[in-house]
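Residue numbers (our numbering): 1349 to 1733. We treat Cβ as the ideally placed atom computed from N, Cα and C, and that holds for glycine. Because the structure is a prediction, the values reported are computed rather than measured. Notes follow once the structure below has been shown.
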Amino acid sequence: SVLLAPLIVQDSSFTLHAVTIGVDFHWQRNEDQAFKGSLKFIIENDRITAVNILSIEDYLTSVISSEMRATSSKEFLKAHAVISRSWLLAQIEKSRKIKAGGKKYNAFMQSENEIMRWYDREDHRNYDVCADDHCQRYQGITRASLPAVMQVINDTYGEVLTYDGSICDTRYYKCCGGMTELFENTWEPVSQPYMQGIVDNPVPPEGYSTVLSGEDTAEKWIRGNPDAYCNTSDKKILSQVLNDYDQETNDFFRWTVTYTQKELSDLVKTRTGIDFGIITDLEPLERGVSGRITRLKIEGTTKTMIIGKELEIRKSLSKSHLYSSCFFVEKIISRDGTRFVLHGAGWGHGVGLCQIGAAVMGAKGYSYSGILMHYFRGAILEKLY
(Lines of atoms letter the chains of each structure in order from A and count residues from 1; the text may use other names and numbers.)
(Lines give C-alpha, C1' and ligand atoms only; values in the text may rest on other atoms or scores of the structure.)
Protein backbone atom coordinates (compact mmCIF):
# COMPACT_ATOMS: atom_id res chain seq x y z
CA SER A 1 0.00 0.00 0.00
CA VAL A 2 0.98 3.65 -0.49
CA LEU A 3 -0.03 6.48 1.86
CA LEU A 4 -0.11 10.12 0.75
CA ALA A 5 -0.49 12.48 3.71
CA PRO A 6 -0.61 16.31 3.52
CA LEU A 7 1.70 18.38 5.72
CA ILE A 8 -1.10 20.87 6.42
CA VAL A 9 -4.35 18.91 6.63
CA GLN A 10 -6.77 21.82 6.95
CA ASP A 11 -5.73 23.59 3.75
CA SER A 12 -5.13 20.50 1.60
CA SER A 13 -7.35 18.44 -0.68
CA PHE A 14 -7.08 15.96 -3.53
CA THR A 15 -9.38 15.03 -6.42
CA LEU A 16 -10.36 11.60 -7.72
CA HIS A 17 -11.76 11.56 -11.25
CA ALA A 18 -14.69 9.54 -12.59
CA VAL A 19 -15.79 8.17 -9.21
CA THR A 20 -18.84 5.92 -9.60
CA ILE A 21 -21.74 6.83 -7.31
CA GLY A 22 -25.08 5.05 -6.87
CA VAL A 23 -23.56 1.69 -7.81
CA ASP A 24 -26.26 -0.57 -9.34
CA PHE A 25 -29.00 1.97 -8.57
CA HIS A 26 -31.04 3.73 -11.26
CA TRP A 27 -29.08 6.98 -10.76
CA GLN A 28 -25.61 5.40 -11.16
CA ARG A 29 -23.12 7.82 -12.73
CA ASN A 30 -19.51 9.00 -12.57
CA GLU A 31 -18.33 12.31 -11.15
CA ASP A 32 -15.11 13.99 -10.06
CA GLN A 33 -14.84 14.30 -6.28
CA ALA A 34 -12.53 16.29 -4.01
CA PHE A 35 -11.53 15.10 -0.54
CA LYS A 36 -9.79 16.31 2.62
CA GLY A 37 -7.35 14.23 4.66
CA SER A 38 -4.91 11.53 3.57
CA LEU A 39 -5.11 9.16 0.60
CA LYS A 40 -4.10 5.51 0.82
CA PHE A 41 -3.78 3.21 -2.20
CA ILE A 42 -4.19 -0.52 -1.57
CA ILE A 43 -3.13 -2.85 -4.38
CA GLU A 44 -4.69 -6.30 -4.20
CA ASN A 45 -5.59 -8.91 -6.84
CA ASP A 46 -4.60 -6.55 -9.67
CA ARG A 47 -7.01 -3.91 -8.40
CA ILE A 48 -6.37 -0.56 -6.71
CA THR A 49 -8.56 0.66 -3.86
CA ALA A 50 -8.42 4.32 -2.85
CA VAL A 51 -9.02 4.92 0.86
CA ASN A 52 -9.58 8.38 2.34
CA ILE A 53 -8.36 8.73 5.94
CA LEU A 54 -9.83 11.62 7.94
CA SER A 55 -11.45 12.52 11.26
CA ILE A 56 -14.94 11.31 12.16
CA GLU A 57 -16.39 14.82 12.35
CA ASP A 58 -14.94 15.85 8.95
CA TYR A 59 -16.39 12.65 7.51
CA LEU A 60 -19.81 13.45 8.97
CA THR A 61 -19.79 16.97 7.53
CA SER A 62 -19.52 15.42 4.08
CA VAL A 63 -22.06 12.66 4.76
CA ILE A 64 -24.73 15.14 5.83
CA SER A 65 -24.13 17.21 2.69
CA SER A 66 -24.01 14.09 0.49
CA GLU A 67 -27.06 12.31 1.89
CA MET A 68 -29.35 15.35 1.71
CA ARG A 69 -29.50 19.05 1.02
CA ALA A 70 -27.27 21.12 3.24
CA THR A 71 -30.17 23.59 3.40
CA SER A 72 -32.47 21.10 5.17
CA SER A 73 -34.12 22.03 8.47
CA LYS A 74 -31.68 22.26 11.36
CA GLU A 75 -33.42 19.69 13.59
CA PHE A 76 -33.56 17.15 10.77
CA LEU A 77 -29.86 17.65 10.04
CA LYS A 78 -29.00 17.33 13.73
CA ALA A 79 -30.96 14.07 13.99
CA HIS A 80 -29.15 12.75 10.93
CA ALA A 81 -25.75 13.79 12.29
CA VAL A 82 -26.41 11.74 15.43
CA ILE A 83 -27.49 8.59 13.58
CA SER A 84 -24.71 8.85 10.99
CA ARG A 85 -22.15 9.16 13.79
CA SER A 86 -23.73 6.32 15.78
CA TRP A 87 -23.86 4.06 12.74
CA LEU A 88 -20.22 4.72 11.84
CA LEU A 89 -18.92 4.00 15.34
CA ALA A 90 -21.09 0.88 15.60
CA GLN A 91 -19.69 -0.42 12.28
CA ILE A 92 -16.11 0.18 13.39
CA GLU A 93 -16.80 -1.70 16.62
CA LYS A 94 -18.52 -4.55 14.76
CA SER A 95 -15.62 -4.83 12.32
CA ARG A 96 -13.09 -5.04 15.15
CA LYS A 97 -15.07 -7.80 16.84
CA ILE A 98 -15.27 -9.79 13.60
CA LYS A 99 -11.51 -9.45 13.02
CA ALA A 100 -10.69 -10.26 16.66
CA GLY A 101 -12.84 -13.38 16.49
CA GLY A 102 -11.04 -14.55 13.38
CA LYS A 103 -14.31 -15.40 11.69
CA LYS A 104 -15.46 -14.45 8.23
CA TYR A 105 -18.66 -12.42 8.16
CA ASN A 106 -21.46 -14.68 6.93
CA ALA A 107 -24.23 -13.13 4.84
CA PHE A 108 -25.37 -16.10 2.80
CA MET A 109 -27.41 -19.25 3.36
CA GLN A 110 -28.30 -21.66 0.57
CA SER A 111 -30.05 -24.99 0.17
CA GLU A 112 -31.13 -26.83 -2.97
CA ASN A 113 -34.28 -24.76 -3.40
CA GLU A 114 -33.62 -21.59 -1.38
CA ILE A 115 -31.12 -18.71 -1.34
CA MET A 116 -31.06 -16.25 1.57
CA ARG A 117 -28.60 -13.40 1.23
CA TRP A 118 -28.17 -10.06 2.94
CA TYR A 119 -25.82 -7.21 2.15
CA ASP A 120 -24.01 -5.46 4.98
CA ARG A 121 -20.25 -5.62 5.61
CA GLU A 122 -19.07 -8.44 3.40
CA ASP A 123 -16.62 -6.41 1.26
CA HIS A 124 -15.05 -4.09 3.85
CA ARG A 125 -11.83 -5.74 4.97
CA ASN A 126 -9.41 -2.93 4.10
CA TYR A 127 -11.41 0.06 5.33
CA ASP A 128 -14.10 0.92 7.86
CA VAL A 129 -16.91 1.95 5.50
CA CYS A 130 -17.42 2.47 1.78
CA ALA A 131 -18.40 5.79 0.22
CA ASP A 132 -21.66 4.84 -1.49
CA ASP A 133 -25.26 3.95 -0.62
CA HIS A 134 -24.16 0.49 0.59
CA CYS A 135 -22.91 2.32 3.72
CA GLN A 136 -23.39 6.09 3.74
CA ARG A 137 -23.05 8.51 0.86
CA TYR A 138 -19.67 10.14 1.28
CA GLN A 139 -18.79 12.41 -1.63
CA GLY A 140 -15.96 14.38 -0.06
CA ILE A 141 -16.06 18.15 -0.25
CA THR A 142 -17.61 18.02 -3.73
CA ARG A 143 -20.94 19.08 -2.23
CA ALA A 144 -20.29 22.38 -0.53
CA SER A 145 -20.16 22.05 3.25
CA LEU A 146 -22.23 25.09 4.10
CA PRO A 147 -21.79 26.83 7.47
CA ALA A 148 -25.20 25.45 8.50
CA VAL A 149 -23.94 21.87 8.18
CA MET A 150 -20.73 22.62 10.05
CA GLN A 151 -22.83 24.21 12.80
CA VAL A 152 -25.01 21.10 13.03
CA ILE A 153 -21.93 18.89 13.41
CA ASN A 154 -20.59 21.20 16.13
CA ASP A 155 -23.97 21.31 17.91
CA THR A 156 -24.10 17.50 18.10
CA TYR A 157 -20.35 16.95 18.52
CA GLY A 158 -19.76 13.48 19.97
CA GLU A 159 -23.47 12.71 20.42
CA VAL A 160 -24.65 9.15 19.74
CA LEU A 161 -27.63 6.94 20.46
CA THR A 162 -27.04 4.10 22.90
CA TYR A 163 -29.07 1.15 24.11
CA ASP A 164 -28.17 -0.95 27.13
CA GLY A 165 -24.71 0.65 27.24
CA SER A 166 -23.78 0.04 23.58
CA ILE A 167 -23.76 2.41 20.62
CA CYS A 168 -26.81 1.82 18.45
CA ASP A 169 -26.39 0.43 14.95
CA THR A 170 -28.70 3.12 13.59
CA ARG A 171 -29.96 2.54 10.03
CA TYR A 172 -31.85 4.82 7.66
CA TYR A 173 -33.34 4.94 4.16
CA LYS A 174 -35.49 7.23 2.00
CA CYS A 175 -39.15 6.33 2.68
CA CYS A 176 -40.72 3.63 4.87
CA GLY A 177 -44.08 3.71 3.09
CA GLY A 178 -45.91 4.22 6.39
CA MET A 179 -44.40 1.46 8.58
CA THR A 180 -40.83 0.64 9.59
CA GLU A 181 -39.18 -2.79 9.53
CA LEU A 182 -37.18 -5.02 11.91
CA PHE A 183 -33.39 -5.29 11.64
CA GLU A 184 -33.41 -9.10 11.65
CA ASN A 185 -35.74 -9.23 8.65
CA THR A 186 -33.19 -7.33 6.55
CA TRP A 187 -29.72 -8.34 7.77
CA GLU A 188 -28.29 -10.96 10.11
CA PRO A 189 -30.83 -12.63 12.43
CA VAL A 190 -30.02 -10.40 15.41
CA SER A 191 -32.70 -8.40 17.21
CA GLN A 192 -32.06 -4.69 17.76
CA PRO A 193 -34.74 -3.68 20.31
CA TYR A 194 -34.44 0.03 19.49
CA MET A 195 -35.47 -0.56 15.84
CA GLN A 196 -38.98 -1.96 15.92
CA GLY A 197 -41.87 -1.84 13.49
CA ILE A 198 -43.54 1.51 14.14
CA VAL A 199 -46.27 3.43 12.35
CA ASP A 200 -44.75 6.58 10.84
CA ASN A 201 -47.54 8.74 12.23
CA PRO A 202 -48.56 10.08 15.66
CA VAL A 203 -51.46 7.58 15.72
CA PRO A 204 -52.31 4.48 13.63
CA PRO A 205 -54.09 5.59 10.44
CA GLU A 206 -57.84 4.93 10.38
CA GLY A 207 -59.22 2.15 8.23
CA TYR A 208 -56.06 0.03 8.11
CA SER A 209 -54.65 -2.88 10.05
CA THR A 210 -51.01 -2.33 10.99
CA VAL A 211 -50.39 -6.08 11.14
CA LEU A 212 -48.87 -6.21 7.67
CA SER A 213 -47.35 -9.71 7.69
CA GLY A 214 -50.52 -11.13 6.09
CA GLU A 215 -51.30 -10.90 2.37
CA ASP A 216 -54.75 -9.32 2.71
CA THR A 217 -53.71 -6.58 5.13
CA ALA A 218 -50.50 -5.89 3.20
CA GLU A 219 -52.38 -5.52 -0.09
CA LYS A 220 -54.95 -3.15 1.42
CA TRP A 221 -52.13 -1.10 2.95
CA ILE A 222 -50.20 -0.89 -0.32
CA ARG A 223 -53.31 -0.09 -2.39
CA GLY A 224 -54.28 2.61 0.10
CA ASN A 225 -53.00 6.03 1.01
CA PRO A 226 -52.56 5.92 4.81
CA ASP A 227 -51.56 9.00 6.77
CA ALA A 228 -47.82 9.01 7.47
CA TYR A 229 -45.08 11.56 7.95
CA CYS A 230 -43.44 10.29 4.76
CA ASN A 231 -46.68 10.52 2.76
CA THR A 232 -45.96 13.97 1.36
CA SER A 233 -45.74 15.68 -2.00
CA ASP A 234 -44.34 18.93 -0.55
CA LYS A 235 -41.50 19.68 -2.96
CA LYS A 236 -39.80 22.00 -0.49
CA ILE A 237 -39.56 19.22 2.09
CA LEU A 238 -38.69 16.53 -0.46
CA SER A 239 -35.85 18.67 -1.81
CA GLN A 240 -34.26 18.54 1.67
CA VAL A 241 -33.83 14.78 1.38
CA LEU A 242 -33.57 14.19 -2.35
CA ASN A 243 -30.52 15.37 -4.27
CA ASP A 244 -30.90 16.16 -7.97
CA TYR A 245 -30.48 12.55 -9.07
CA ASP A 246 -32.80 11.30 -6.32
CA GLN A 247 -35.50 13.66 -7.60
CA GLU A 248 -35.41 11.81 -10.92
CA THR A 249 -37.77 9.45 -9.05
CA ASN A 250 -41.20 10.96 -8.33
CA ASP A 251 -43.04 7.93 -6.95
CA PHE A 252 -41.77 6.40 -3.75
CA PHE A 253 -44.56 6.34 -1.14
CA ARG A 254 -46.59 4.22 -3.58
CA TRP A 255 -45.31 2.93 -6.92
CA THR A 256 -46.03 0.47 -9.73
CA VAL A 257 -43.73 -1.57 -11.99
CA THR A 258 -45.02 -3.70 -14.89
CA TYR A 259 -43.27 -6.54 -16.73
CA THR A 260 -44.38 -8.82 -19.55
CA GLN A 261 -43.83 -12.50 -18.82
CA LYS A 262 -40.83 -12.56 -21.16
CA GLU A 263 -39.35 -9.37 -19.68
CA LEU A 264 -39.64 -10.78 -16.16
CA SER A 265 -38.21 -14.18 -17.13
CA ASP A 266 -35.23 -12.64 -18.95
CA LEU A 267 -34.63 -10.12 -16.17
CA VAL A 268 -34.60 -12.66 -13.33
CA LYS A 269 -32.30 -14.97 -15.30
CA THR A 270 -29.87 -12.10 -15.93
CA ARG A 271 -29.96 -10.81 -12.37
CA THR A 272 -29.78 -14.15 -10.50
CA GLY A 273 -27.86 -16.29 -12.98
CA ILE A 274 -30.56 -18.94 -12.56
CA ASP A 275 -32.64 -20.20 -15.49
CA PHE A 276 -36.22 -20.54 -14.27
CA GLY A 277 -37.52 -21.06 -17.81
CA ILE A 278 -40.69 -19.02 -18.29
CA ILE A 279 -41.72 -17.53 -14.95
CA THR A 280 -45.32 -18.42 -14.14
CA ASP A 281 -45.76 -16.93 -10.67
CA LEU A 282 -44.25 -14.80 -7.91
CA GLU A 283 -45.55 -15.87 -4.49
CA PRO A 284 -44.72 -14.02 -1.24
CA LEU A 285 -44.08 -16.62 1.48
CA GLU A 286 -43.13 -14.35 4.39
CA ARG A 287 -43.46 -10.66 5.09
CA GLY A 288 -41.92 -8.50 7.78
CA VAL A 289 -43.86 -6.17 10.06
CA SER A 290 -43.82 -3.38 7.44
CA GLY A 291 -45.23 -5.62 4.73
CA ARG A 292 -41.82 -6.05 3.09
CA ILE A 293 -41.38 -9.50 1.58
CA THR A 294 -38.52 -11.44 3.19
CA ARG A 295 -39.05 -14.76 1.34
CA LEU A 296 -40.34 -14.89 -2.23
CA LYS A 297 -41.05 -18.03 -4.26
CA ILE A 298 -40.28 -17.71 -7.96
CA GLU A 299 -42.06 -20.38 -10.00
CA GLY A 300 -40.85 -21.20 -13.51
CA THR A 301 -41.37 -23.87 -16.13
CA THR A 302 -37.92 -25.38 -15.50
CA LYS A 303 -37.16 -24.37 -11.90
CA THR A 304 -38.85 -23.11 -8.75
CA MET A 305 -36.83 -21.44 -6.02
CA ILE A 306 -37.23 -19.29 -2.90
CA ILE A 307 -35.11 -16.14 -2.54
CA GLY A 308 -34.56 -13.58 0.25
CA LYS A 309 -33.85 -11.32 2.06
CA GLU A 310 -35.33 -8.01 0.98
CA LEU A 311 -32.40 -6.62 -1.01
CA GLU A 312 -31.85 -9.90 -2.84
CA ILE A 313 -35.50 -9.74 -3.88
CA ARG A 314 -35.13 -6.11 -5.00
CA LYS A 315 -31.98 -6.90 -6.97
CA SER A 316 -33.58 -9.90 -8.68
CA LEU A 317 -36.68 -8.04 -9.87
CA SER A 318 -35.10 -4.91 -11.31
CA LYS A 319 -32.24 -3.87 -13.58
CA SER A 320 -30.92 -1.89 -10.61
CA HIS A 321 -32.93 -2.12 -7.37
CA LEU A 322 -36.68 -2.33 -6.93
CA TYR A 323 -37.71 0.57 -4.69
CA SER A 324 -38.58 -1.83 -1.86
CA SER A 325 -39.72 -5.39 -1.25
CA CYS A 326 -43.05 -4.14 0.11
CA PHE A 327 -45.23 -5.06 -2.85
CA PHE A 328 -47.97 -7.40 -4.00
CA VAL A 329 -48.19 -9.01 -7.43
CA GLU A 330 -51.12 -8.62 -9.79
CA LYS A 331 -51.00 -11.14 -12.64
CA ILE A 332 -52.96 -10.06 -15.70
CA ILE A 333 -53.68 -12.68 -18.37
CA SER A 334 -54.99 -11.45 -21.73
CA ARG A 335 -54.88 -12.25 -25.43
CA ASP A 336 -51.63 -10.31 -25.61
CA GLY A 337 -50.00 -12.55 -23.01
CA THR A 338 -49.31 -12.40 -19.28
CA ARG A 339 -48.20 -9.28 -17.44
CA PHE A 340 -46.92 -9.03 -13.87
CA VAL A 341 -47.80 -5.75 -12.16
CA LEU A 342 -45.89 -5.06 -8.94
CA HIS A 343 -47.73 -2.58 -6.71
CA GLY A 344 -45.36 -1.32 -4.03
CA ALA A 345 -44.77 0.99 -1.08
CA GLY A 346 -41.72 2.86 0.15
CA TRP A 347 -38.14 3.33 -0.99
CA GLY A 348 -35.45 1.38 0.86
CA HIS A 349 -35.20 -1.34 3.50
CA GLY A 350 -37.40 0.41 6.05
CA VAL A 351 -35.21 -0.18 9.13
CA GLY A 352 -34.60 2.76 11.46
CA LEU A 353 -35.03 6.39 10.43
CA CYS A 354 -37.22 7.31 7.47
CA GLN A 355 -35.46 10.32 5.91
CA ILE A 356 -38.56 11.82 4.30
CA GLY A 357 -40.59 11.21 7.44
CA ALA A 358 -37.89 12.81 9.60
CA ALA A 359 -37.73 15.83 7.26
CA VAL A 360 -41.50 16.28 7.62
CA MET A 361 -41.20 16.02 11.41
CA GLY A 362 -38.51 18.71 11.34
CA ALA A 363 -40.79 20.94 9.26
CA LYS A 364 -43.59 20.37 11.79
CA GLY A 365 -41.42 21.69 14.60
CA TYR A 366 -40.18 18.50 16.25
CA SER A 367 -36.78 18.71 17.96
CA TYR A 368 -33.97 16.44 16.81
CA SER A 369 -34.29 14.40 20.00
CA GLY A 370 -38.03 14.04 19.33
CA ILE A 371 -37.31 12.79 15.81
CA LEU A 372 -34.75 10.30 17.12
CA MET A 373 -37.03 8.97 19.86
CA HIS A 374 -39.83 8.44 17.33
CA TYR A 375 -37.73 6.12 15.15
CA PHE A 376 -35.44 4.58 17.78
CA ARG A 377 -37.71 3.61 20.67
CA GLY A 378 -35.93 3.04 23.96
CA ALA A 379 -32.59 4.48 22.79
CA ILE A 380 -30.76 7.12 24.83
CA LEU A 381 -29.10 10.24 23.41
CA GLU A 382 -25.64 10.52 24.99
CA LYS A 383 -22.49 12.60 24.51
CA LEU A 384 -19.68 10.10 23.90
CA TYR A 385 -16.84 12.62 23.58
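Membership of ASP1512 in any alpha helix (DSSP H) is not indicated, and neither H nor E is assigned to it by DSSP. Here ILE1704 is not near CYS1478, since their CB atoms are 7 Å or more apart. Beta-bridge partners of GLN1609 (DSSP): none assigned. Going by DSSP, ILE1680 is part of no alpha helix (DSSP H) but of the beta strand (DSSP E) stretching over 1675 to 1682.
By the C-beta criterion, the segment 1504 to 1518 is judged to be in contact with the segment 1423 to 1439, since at least 3 inter-stretch pairs fall below 8 Å. With contacts defined by Cβ atoms closer than 7 Å, LEU1732 and SER1717 do not form a contacting pair. Here DSSP, grouped into helix, strand and coil, assigns PHE1724 to coil. DSSP, read as helix, strand or coil, puts ASN1502 in helix. The shortest CA-to-CA distance from SER1410 to any of ASP1623, VAL1589, ARG1485 is the one to ARG1485. Inclusion of ALA1382 and GLY1488 in the CB contact set at 7 Å is warranted, their separation being smaller than that value. Residue pairing of ARG1687 in beta bridges, as defined by DSSP: THR1608, ILE1680.
Around MET1653, the same chain offers ASN1461, ILE1646 as residues with beta carbons nearer than 6 Å, after the five sequence neighbours per side are excluded. Setting aside the 5 residues that flank it on each side, TRP1466 is surrounded in the same chain by ALA1455, TRP1535, LYS1657, each with a C-beta closer than 6 Å to its C-beta; the list follows chain order.
In this structure, MET1416 sits near VAL1589, with a CB-CB distance shorter than 7 Å. In this chain, ILE1356 is not harboured by any alpha helix (DSSP H), its DSSP state being neither H nor E. Just so you know, the alpha carbons of GLN1609 and GLU1529 end up roughly 30 Å apart. Counting every other CB atom within 10 Å of its CB across the protein chains shown gives ASN1533 a total of 16 or more, marking it as buried. Straight through space, the alpha carbons of ASN1400 and LYS1388 are spaced by roughly 6 Å.
The beta carbons of GLY1545 and VAL1637 sit closer together than 7 Å. Assignment of PRO1552 by DSSP, reduced to helix, strand and coil, places it in the coil class. Judged by DSSP in its simplified three-state form, TRP1535 adopts coil rather than helix or strand. Exclusion of the five residues before and after SER1434 leaves VAL1508, LEU1509, ILE1515, CYS1516, THR1518 as the residues of its chain whose Cβ lies within less than 7 Å of its Cβ.
Following the DSSP letters along the chain, one finds PHE1424 inside the alpha helix (DSSP H) bounded by residues 1422 to 1449. Taking C-beta separations shorter than 6 Å and ignoring five residues to either side along the sequence, the partners of MET1457 in its chain run MET1464, following chain order.
Residues of the same chain with a CB within less than 6 Å of the CB of GLU1405, apart from the 5 flanking positions on each side, are ILE1501 in chain order. ASP1476 and GLN1439 do touch by the CB rule: their CB atoms are close to 6 Å apart, below 8 Å. With respect to ILE1661, LEU1644 sits close: the two C-beta atoms are nearer than 7 Å. With a contact defined as Cβ atoms closer than 8 Å, SER1361 and LYS1384 qualify at about 6 Å.
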